[in-house]
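Only one structure is covered here, and it is reproduced in the block below.
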Amino acid sequence: MRIEIPQDLPRRRETSPQTSAPRPQEPNSVQRHLQSIKERADQSRTNHAPSRSAPSRRPERQREAAPRPRSVKDPRESTDPRRPQRNKIPSQTIGMQLRPEERKVMLELGKFRVVRTRDLADSVYDGKQRKLGEDLNYLRSKGLVETRHINLRRDGTRRQIDRAEVATLTRDGRAWLRKSGEVPKDQTVYYGFVKPREMEHDSLIYRAYRDASQRIERDGGSNLRVKLDFEIKAGVQKDIYRARKADPKRDMADIKEEVAAKHSLPFVNGGIQIPDARIEFDPNDDARSQEADQGSRTGGHEDIEVLTAAYRRGHLRAKAQAGFRNYASSSDRASISAKIEDEHQMMRDIFDL
Numbered sequence: 143m144r145i146e147i148p149q150d151l152p153r154r155r156e157t158s159p160q161t162s163a164p165r166p167q168e169p170n171s172v173q174r175h176l177q178s179i180k181e182r183a184d185q186s187r188t189n190h191a192p193s194r195s196a197p198s199r200r201p202e203r204q205r206e207a208a209p210r211p212r213s214v215k216d217p218r219e220s221t222d223p224r225r226p227q228r229n230k231i232p233s234q235t236i237g238m239q240l241r242p243e244e245r246k247v248m249l250e251l252g253k254f255r256v257v258r259t260r261d262l263a264d265s266v267y268d269g270k271q272r273k274l275g276e277d278l279n280y281l282r283s284k285g286l287v288e289t290r291h292i293n294l295r296r297d298g299t300r301r302q303i304d305r306a307e308v309a310t311l312t313r314d315g316r317a318w319l320r321k322s323g324e325v326p327k328d329q330t331v332y333y334g335f336v337k338p339r340e341m342e343h344d345s346l347i348y349r350a351y352r353d354a355s356q357r358i359e360r361d362g363g364s365n366l367r368v369k370l371d372f373e374i375k376a377g378v379q380k381d382i383y384r385a386r387k388a389d390p391k392r393d394m395a396d397i398k399e400e401v402a403a404k405h406s407l408p409f410v411n412g413g414i415q416i417p418d419a420r421i422e423f424d425p426n427d428d429a430r431s432q433e434a435d436q437g438s439r440t441g442g443h444e445d446i447e448v449l450t451a452a453y454r455r456g457h458l459r460a461k462a463q464a465g466f467r468n469y470a471s472s473s474d475r476a477s478i479s480a481k482i483e484d485e486h487q488m489m490r491d492i493f494d495l
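If you read the sequence shown in my numbering, its first letter stands for residue 143, the second for the next number, and so on.
In structure tokens form, the structure reads like this:
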């Protein structure tokens, strides 16, 4: 039986495996999330890439959300061009960074323990108080120097109480100075505020030293060292103790007179007179020949004393008899002269501070 197959019946087109392509599938949620992350990363790199034609700009909304912080100046930082960026130097490396004026300030404080900042400005900075203030701020920030203000005694003519700023080394400051190589041989280094009631008097010793040291250097003295009264007292008391221990029955006046001679100190009315400070120096040959005409300067030293209105009459007389080079401030001279008004020679031997 023959079956007729219609010719117009559509046939399926056969394709070879090489040319067949699977129908693409829709990405799932994970793939869409990864694709989104990749697109954002590409966009971020494009926005931050430097452009030669035009600099990239931060979106306006981002600038408004994150305003530029206001610059606040650290009060310890100085605009002084003499030490740029030095506030960022670690403290342990500061020994190589101090300027000559700062080293001089450290040395003067170490020799005298307490000094008025006004006198430091005059002697080290040619009177330029602002430059001294900048350097003191830096030294304080490094923990090397301490300052404070003290009330000065009234002179009886004004109600106002005058104040003065004084400075001293800290313990770390003394340690730095000892290692710096700035300290002369046999020079003791002091630090810290002591005896608050005597701070006004003690802070004037440096001013008296400046006057005396200038005369010594003009006469050829060199290598100046300073001994303060408590260092001199310590040596005297040590020798007195040794002498009494060696011979307990010996007369005390004889011991004191012997110890006074050993330390080149005057022995007045049965007591050893100790100055506020002793300036030791190396004299040249010309200076040695003039020692007889230089007051108490003998054997390469000169003793200085700062007199104040708090000194009693007997104390003033003993200091005058001791042959020290005595100084007094203008505010104290009136009170001192009233106590020794019948001894005009003593007033002529007191020099102004």
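Just so it is clear, CB atoms sit at the ideal spot from N, CA and C, and this is done for glycine as well. Only a predicted model underlies this, so the values are computations on that prediction, with no experimental measurement involved.
Taking residue 397 as the centre and dropping the five residues before and after it, the same chain places the C-beta of 382, 385 and 386 closer than 7 Å to its C-beta, in chain order. Here the alpha carbon of residue 292 sits roughly 24 Å from the alpha carbon of residue 417. Contact annotation, residue 286 with residue 311: C-beta distance approximately 7 Å; criterion of less than 8 Å satisfied.
Annotation: the stretch 281-331 contains the following complete segments of the alpha helix (DSSP H) (minimum length 4 residues), in chain order: 313-322. Inclusion of residue 294 and residue 342 in the CB contact set at 9 Å is warranted, their separation being smaller than that value.
If you draw a 10 Å sphere on the C-beta of residue 256, you find 16 or more other C-beta atoms in it, and that means buried.
Listed as beta-bridge partners of residue 419 by DSSP are 370 and 446.
Annotation: the continuous beta strand (DSSP E) that includes residue 469 extends over 467-470. Taking residue 366 as reference, the option from 352, 172 and 239 with the minimal CA-CA separation is 352.
According to the DSSP assignment, residue 493 belongs to the beta strand (DSSP E) that extends over 492-494. The beta carbons of residue 468 and residue 444 sit about 12 Å from each other, so the pair does not count as a contact at 8 Å. Measuring C-alpha to C-alpha distances from residue 321 to each of 364, 248 and 179 identifies 248 as the nearest. Looking at 181, 323, 325 and 316, the one whose alpha-carbon comes closest to that of residue 335 is 316. DSSP, read as helix, strand or coil, puts residue 257 in strand. In the DSSP assignment, the residues bridged to residue 364 are 424. It is roughly 23 Å from the alpha-carbon of residue 423 to the alpha-carbon of residue 494. A distance below 6 Å between beta-carbons, with the five flanking residues on each side excluded, links residue 463 to the following residues of its chain, in chain order: 410. A direct Cα-to-Cα measurement between residue 389 and residue 355 gives close to 40 Å. Exposed is the label assigned to residue 328, since fewer than 16 other Cβ atoms lie within 10 Å of its Cβ.
Inter-residue distance for residue 290 and residue 284 is about 16 Å (C-alpha atoms, whole angstroms).
In the structure shown, residue 412 adopts coil according to DSSP, grouped into three states. For residue 413 and residue 421, the gap between their C-alpha atoms comes out near 22 Å.
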